[in-house]
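Each residue of the sequence shown is one higher than the last, beginning at 839 in the working numbering.
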Amino acid sequence: MSKKVDLDRLADTLRDYGFAYVISVDDDYRAHTAAVTPVLNDGVLRIGTVGRHTRANTEAHRDVTVLWPPQTPGGYSLIVDGHAETIDPLTVRPTRAVLHRPATSDSPPSTCSPAYDCVNLTEV
Numbered sequence: 839m840s841k842k843v844d845l846d847r848l849a850d851t852l853r854d855y856g857f858a859y860v861i862s863v864d865d866d867y868r869a870h871t872a873a874v875t876p877v878l879n880d881g882v883l884r885i886g887t888v889g890r891h892t893r894a895n896t897e898a899h900r901d902v903t904v905l906w907p908p909q910t911p912g913g914y915s916l917i918v919d920g921h922a923e924t925i926d927p928l929t930v931r932p933t934r935a936v937l938h939r940p941a942t943s944d945s946p947p948s949t950c951s952p953a954y955d956c957v958n959l960t961e962v
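Following this line, the structure appears as C-alpha cells:
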C-alpha cells in the first residue's frame, strides 16, 4: 500500500517553524547540510537556489531530507523526506513527514519506538 504525506497537516505544522536544513548525500553517501527557508506550495516544498554541493548531490541522488529544528527546548523536530523534482531552484515533493523528539516519562505511546515521541504526518 502506498503512503502519502497529509499535506494539510504538514501545512498547518509548518506555520510553527522557521528555517530548516536540507540534507543531501554525495557519491560516498556523506551527508551535506545547508540552511534553507522552504515554503510549501501546491504540495511541493520550494527550497530555492542552493549551493554547488547541494546542487551536485541532488543531481546525483534525488532523495533528500528537510529538517526543521524544534522551536523550543523539548519541542518536536519536523523531519520531511522527499524527492527532488527540480534542482535549480530546488523543489522537493514530500514522501514522508514526522514530528520527532526523545520520549519522556510524560510522552504518549508512540508508533516509532519507546525511546521516541513521534507524530506521523503520513497517511496510511
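No residue lacks a Cβ here, since even glycine has one placed at the ideal position from N, Cα and C.
Keep in mind the model is a prediction, meaning the values are calculated, not measured.
- Remark: C-beta atoms of Val918 and Leu848 approach each other more closely than 9 Å.
- Between Leu959 and Val843, the gap from beta carbon to beta carbon is short of 9 Å.
- Judged by pairs of C-beta atoms under 8 Å, the segment 865–885 touches the segment 926–943, as three or more such pairs exist.
- In the structure shown, Arg853 falls within a coil segment according to DSSP collapsed to helix, strand and coil.
- Leu878 and Thr896 have their C-alpha atoms some 19 Å from each other.
- Thr892 and Val860 do touch by the CB rule: their CB atoms are close to 6 Å apart, below 8 Å.
- Here His891 carries a helix assignment [DSSP, helix/strand/coil].
- For Asp955, the enclosing beta strand (DSSP E) starts and ends at Tyr954 to Asn958.
- A distance below 7 Å between beta-carbons, with the five flanking residues on each side excluded, links Gln909 to the following residues of its chain, in chain order: Asp854 and Tyr855.
- Assignment of Thr896 by DSSP, reduced to helix, strand and coil, places it in the helix class.
- According to the DSSP assignment, Pro932 belongs to the beta strand (DSSP E) that extends over Leu928 to Pro940.
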